[in-house]
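**Q** So the protein lines, in turn, are chains A and U.
Numbering-wise (the numbering used here), the first sequence opens with residue 7 and increments by one.
Numbering-wise (the numbering used here), the second sequence opens with residue 7 and increments by one.
Heads up, the beta-carbon is just placed ideally off N, CA and C, and yes, glycines get one too.
Note that the structure is predicted; figures quoted are calculated from it, not measured.
The following block contains the structure, expressed as structure tokens.
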Amino acid sequence: DQQVKQNSPSLSVQEGRISILNCDYTNSMFDYFLWYKKYPAEGPTFLISISSIKDKNEDGRFTVFLNKSAKHLSLHIVPSQPGDSAVYFCAAIYNNNDMRFGAGTRLTVKP
Amino acid sequence: EADIYQTPRYLVIGTGKKITLECSQTMGHDKMYWYQQDPGMELHLIHYSYGVNSTEKGDLSSESTVSRIRTEHFPLTLESARPSHTSQYLCASSAWTSLPYGYTFGSGTRLTVV
């Protein structure tokens, strides 16, 4: 049962433009959501998170939006840079229990 | 520097061999996890531990076993490797309250069984 879904396996954007990565979830019990970034041959690294009591969290160029009614969250990167090219994983957790991950979206930012 | 280490980074091994993937962390984290990931697929939790002498199986059925004799060490063992075990294995750890940063991951072991 895939509780966290990232339906776009890849995304390509031009440098300087906005990147929008999307994530859907099915379990309404999730109370925290996270985004991880993964470069090839490395483990995922934490990028940004949001509690279910909020609808937006911003950290520099990265903003995460949460729409609980739609069970949808998105990660916005503005402006996109070539160094942002990586695989981005959406993750969700409830009651501080084990985390569930999506399949990831490969972002390519072209110079 | 606090971190989490996995060895080996890459392993190619023949069918039927016994292998152990090592994972160690220096952060004093109570919780440790093993995830398995195939290309383009989500990370699947295969084992987790909430402390010494505590191990549980995750969502994805796995023929591997784990042990947690020391807080910092969480090795994963395959008694008899098969080609279906070919995958990337990621180890992670977290403090008891992992939020808001979630888990710290190692660099992974890419296993190929021929």
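1) My understanding is that A/F107 touches U/L96, with C-beta atoms under 8 Å, so please give their C-beta distance in whole angstroms.
2) Say whether chain A places a C-beta atom closer than 8 Å to the C-beta of U/Y95.
3) Taking CB distances under 8 Å as the criterion, tell me whether A/G49 reaches chain U.
4) Find the nearest neighbour of A/L53 within the set A/Y45, A/A47, A/W41 and A/K60, judged by alpha-carbon distance.
5) Between the C-alpha atoms of U/T6 and U/R88, what's the straight-line distance to the nearest angstrom?
6) Hey, does U/G46 have any beta-carbon neighbour from chain A nearer than 8 Å?
7) So who's on the other strand from U/F111, going by DSSP bridges?
8) Have a look at the DSSP bridge pairing and note the partners of A/R106.
9) What separation, rounded to the nearest whole angstrom, lies between the Cα atoms of U/K18 and U/Q12?
10) Give the C-beta separation of A/N33 and A/Q12 to the nearest angstrom, bearing in mind that I take them to be a contact with Cβ-Cβ under 8 Å.
11) Please return the same chain residues whose Cβ sits closer than 7 Å to the Cβ of A/K60, not counting the five positions on each side in sequence.
12) Could you list which residues in chain U have their beta carbon closer than 7 Å to that of A/N13, in chain order?
**A** Looking at the atomic coordinates:
1) For this step, residue 107 of chain A is matched to residue 101 along the first sequence. For this step, residue 96 of chain U is matched to residue 90 along the second sequence. 10 Å between Cβ atoms; not a contact.
2) Within the second sequence, the letter at position 89 stands for residue 95 of chain U. Using a CB distance cut-off of 8 Å, U/Y95 does not count as an interface residue toward chain A.
3) Reading the first sequence from its first residue, position 43 is the one you call residue 49 of chain A. Answer yes: the Cβ-Cβ gap between A/G49 and chain U drops below 8 Å somewhere.
4) Reading the first sequence from its first residue, position 47 is the one you call residue 53 of chain A. Looking at the Cα atoms, A/W41 is the closest of the given residues.
5) For residue 6 of chain U there is no data in the structure shown, the boundaries of chain U being 7 and 120.
6) Here residue 46 of chain U corresponds to residue number 40 of the second sequence, with the count starting at 1. For U/G46, the nearest CB of chain A lies under 8 Å from its own CB, placing it at the interface with that chain.
7) Within the second sequence, numbered from 1, the residue matching residue 111 of chain U stands at position 105. U/F111 pairs with U/A98.
8) As a first step, residue 106 of chain A is located in the first sequence; it is residue number 100 there, counting from the start. In DSSP, A/R106 forms a bridge with A/A98.
9) Position 12 of the second sequence, counted from the first residue, corresponds to residue 18 of chain U. Position 6 of the second sequence, counted from the first residue, corresponds to residue 12 of chain U. Reading off the sequence, residue 18 of chain U comes out as Val, not Lys. Rounded to the nearest whole angstrom, the C-alpha separation of U/V18 and U/Q12 is 16 Å.
10) Your numbering for residue 33 of chain A matches position 27 in the first sequence. Your numbering for residue 12 of chain A matches position 6 in the first sequence. Not a contact, Cβ separation roughly 15 Å.
11) For the purposes of this step, residue 60 of chain A is identified with residue 54 of the first sequence, where counting begins at 1. So the qualifying residues of the chain are L72.
12) Locating residue 13 of chain A in the first sequence gives position 7, counting from the first residue. Counting only Cβ-Cβ distances below 7 Å, A/N13 has no contacts in chain U at all, with the closest Cβ about 12 Å away.
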